[in-house]
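Asker: One structure, pasted below without further comment.
Residue numbers (my numbering): 4 to 257.
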């Protein structure tokens, strides 16, 4: 094998997940500046979470100030070659713009809707790799952690309250011909406002697997796709999804 010339280093290959085959994101330095599609700048803070394919950072639209622990925004970042954030961004751009959600809230006479609103997105090059990013509102703790902290038991009142809010969110998704495809407690987060967690507000998040079940107004046909079998979180995956029907129409029976 030929040696690298003095003063140069072999190109570093991007890290790849052994399980999914997706390229793993490199960690960006605190203070890194991103510019979205509308030419607005966002400053990154500390990493506060990690998904299967990318990292989640605290963020601020204040360019000259350090991002503090009480930041109201987060930024999700993945290498552009990955698919989940691409799918999620398109979901937000199509049905989660603030004016669309606000109109639904008003028409349904709701206090709020547990669907995050689209804020901004764009691309950023770091160490020769192009990344896709999306700016989101910040949320609090997820229900899975709260459930475990409560001895894996919620009161009936809590269960009913959560169910009503999540049904509102799912009704909105289905009315827009979308399926979430990964509903679980870890994807249900409490609200966060003015530096405090809102214990009486819950949002359904993570739309990396969301898809349209009726893109042209007609249900997609039932079709088994072995390559897409078991998509989602294994313990919550439907029987049809285990056959790879997740991106198609589930079996409605006779």
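Here a beta-carbon is modelled for each residue, glycine too, at the ideal position from N, C-alpha and C.
Beta-carbon separation of residue 51 and residue 136 under 8 Å?
Answerer: No, the Cβ-Cβ distance between residue 51 and residue 136 is not below 8 Å.
Asker: Could you have a look at residue 196 and say whether DSSP puts it in helix, strand or coil?
Answerer: Note: residue 196 maps to strand in three-state DSSP.
Asker: Which one or two residues does DSSP pair with residue 201 in a beta bridge?
Answerer: The partner list for residue 201 (beta bridge, DSSP) reads 194.
Asker: Quick one: grab the DSSP three-state call for residue 95.
Answerer: Helix at residue 95.
Asker: Do you know how far the Cα of residue 102 is from the Cα of residue 167?
Answerer: Their Cα atoms are separated by approximately 23 Å.
Asker: Hey, how far is the Cα of residue 197 from the Cα of residue 140?
Answerer: Going from the Cα of residue 197 to the Cα of residue 140 covers about 12 Å.
Asker: Would you report the Cα separation of residue 256 and residue 243, rounded to the nearest angstrom?
Answerer: The predicted model places residue 256 with a pLDDT of 38, which falls under 50 and marks its position as unreliable, so this point remains unresolved.
Asker: Measuring CA to CA, which of 218, 180, 132 and 193 is closest to residue 161?
Answerer: Checked all of 218, 180, 132 and 193; the closest Cα to residue 161 is 193.
Asker: In chain order, what residues of the same chain have a beta carbon less than 6 Å from the beta carbon of residue 98, not counting five sequence neighbours either side?
Answerer: The answer, listed in chain order, is 179.
Asker: Between which two residues does the beta strand (DSSP E) holding residue 104 run?
Answerer: Per DSSP, residue 104 belongs to no beta strand (DSSP E); it is in the alpha helix (DSSP H), 101-111.
Asker: Counting along the chain, where does the beta strand (DSSP E) carrying residue 135 start and finish?
Answerer: Here the beta strand (DSSP E) through residue 135 covers 132-140.
Asker: For the segment 143-200, which segments carrying the beta strand (DSSP E) assignment without a break, of at least 3 residues, lie completely within its bounds, in sequence order?
Answerer: Correct list: 191-196.
Asker: If we call anything under 8 Å between Cβ atoms a contact, is residue 165 one with residue 205?
Answerer: Closer than 8 Å, so yes.
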